[in-house]
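See below for the structure under consideration.
Chains as they are written, first to last, in the numbering used here: chain S, 50 to 161; chain U, 81 to 193.
Structure, rendered in structure tokens:
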């Protein structure tokens, strides 16, 4: 069964460093998403991406964040200068029709 | 803004039915979802219901939607130890385009032998 793949599973970084989280969506999907889940809190929407541009973004998705689809298969989330409060589980999701989203296993980001 | 609320814990005996409840505030929700998260794993889509439906059944899972009360429930029949997980309710509004989902905090389902 096709699935969304995220790498790495765990990323440790120093405060102020840039990180790139990677996702390979399901191959025929057109819509791509990033969410985050701070420990003990809700899963929160960050951004959606369709037709090579950002479709929607939440208040969390400020100038420190960017997304890119550098080739036909990868979808990345970049955090320019990480802060302690960026520590969270980051989930990528993809969808064929924007109705049903399929999630990856997540990348745990630890900012020290 | 939109909000989704769930109880944090539910404890049931193996073999009994589990009913996980969720309330939401967005009256324009088009789809409502149940996701399951096992320890160390991602969010697995269990089932979903379109807002013009009242009920959806899929094997051991029954979803009930009360639009008037903005209440969604997930019933798991004959609960097994493998059902032990966190269950997230989520909704998608009618904003159009690639809307993000709004999630509840998740209900930890604990199975007693």
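For glycine and all other residues, C-beta sits at the position ideal for the given N, C-alpha and C.
{"Check": "Residue 147(S): first and last residue of the uninterrupted beta strand (DSSP E) it sits in", "Outcome": "No beta strand (DSSP E) contains residue 147(S), which DSSP labels as neither H nor E."}
{"Check": "Stretch-stretch touch, CB-based, cutoff 8 Å, three pairs: the segment 88-108 of chain U with the segment 97-110 of chain S", "Outcome": "no"}
{"Check": "CA nearest to the CA of residue 142(U), picked from 97(U), 179(U), 132(U)", "Outcome": "97(U)"}
{"Check": "Chain-ordered chain S contacts of residue 121(U) [CB-CB under 9 Å]", "Outcome": "154, 155"}
{"Check": "Touch test, the segment 60-76 of chain S against the segment 143-152 of chain U, Cβ-Cβ under 8 Å, three pairs minimum", "Outcome": "no"}
{"Check": "CB-CB length for residue 171(U) against residue 109(U), believed under 8 Å", "Outcome": "4 Å"}
{"Check": "Chain-ordered residues of the segment 141-168 of chain U with a beta carbon less than 8 Å from chain S", "Outcome": "168"}
{"Check": "Through-space distance from residue 131(S) to residue 151(U), alpha-carbon basis", "Outcome": "38 Å"}
{"Check": "Proximity test, Cβ basis, 7 Å: residue 185(U) and chain S", "Outcome": "yes"}
{"Check": "Alpha-carbon to alpha-carbon, residue 121(S) and residue 90(S)", "Outcome": "33 Å"}
{"Check": "Segment contact flag, the segment 180-187 of chain U with the segment 72-91 of chain S, C-beta cutoff 8 Å, min 3 pairs", "Outcome": "yes"}
{"Check": "Contact set between residue 179(U) and chain S, taken where Cβ atoms lie within less than 8 Å", "Outcome": "97, 105, 147"}
{"Check": "Chain U within 7 Å of residue 124(S), Cβ atoms only", "Outcome": "no"}
{"Check": "Chain-ordered chain U contacts of residue 94(S) [CB-CB under 9 Å]", "Outcome": "179, 180, 181, 182, 183"}
{"Check": "Where residue 110(U) falls: helix, strand or coil (DSSP)", "Outcome": "coil"}
{"Check": "Test: residue 91(S) CB closer than 7 Å to a CB of chain U", "Outcome": "yes"}
{"Check": "Contact list for residue 111(U) against chain S, beta-carbon separation under 7 Å", "Outcome": "148"}
{"Check": "Whole-number beta carbon distance between residue 139(S) and residue 156(S), since they are thought to touch under 8 Å", "Outcome": "5 Å"}
{"Check": "Residue range of the unbroken beta strand (DSSP E) whose run includes residue 151(U)", "Outcome": "151-156"}
{"Check": "Run of the beta strand (DSSP E) containing residue 97(S), from where it starts to where it stops", "Outcome": "92-99"}
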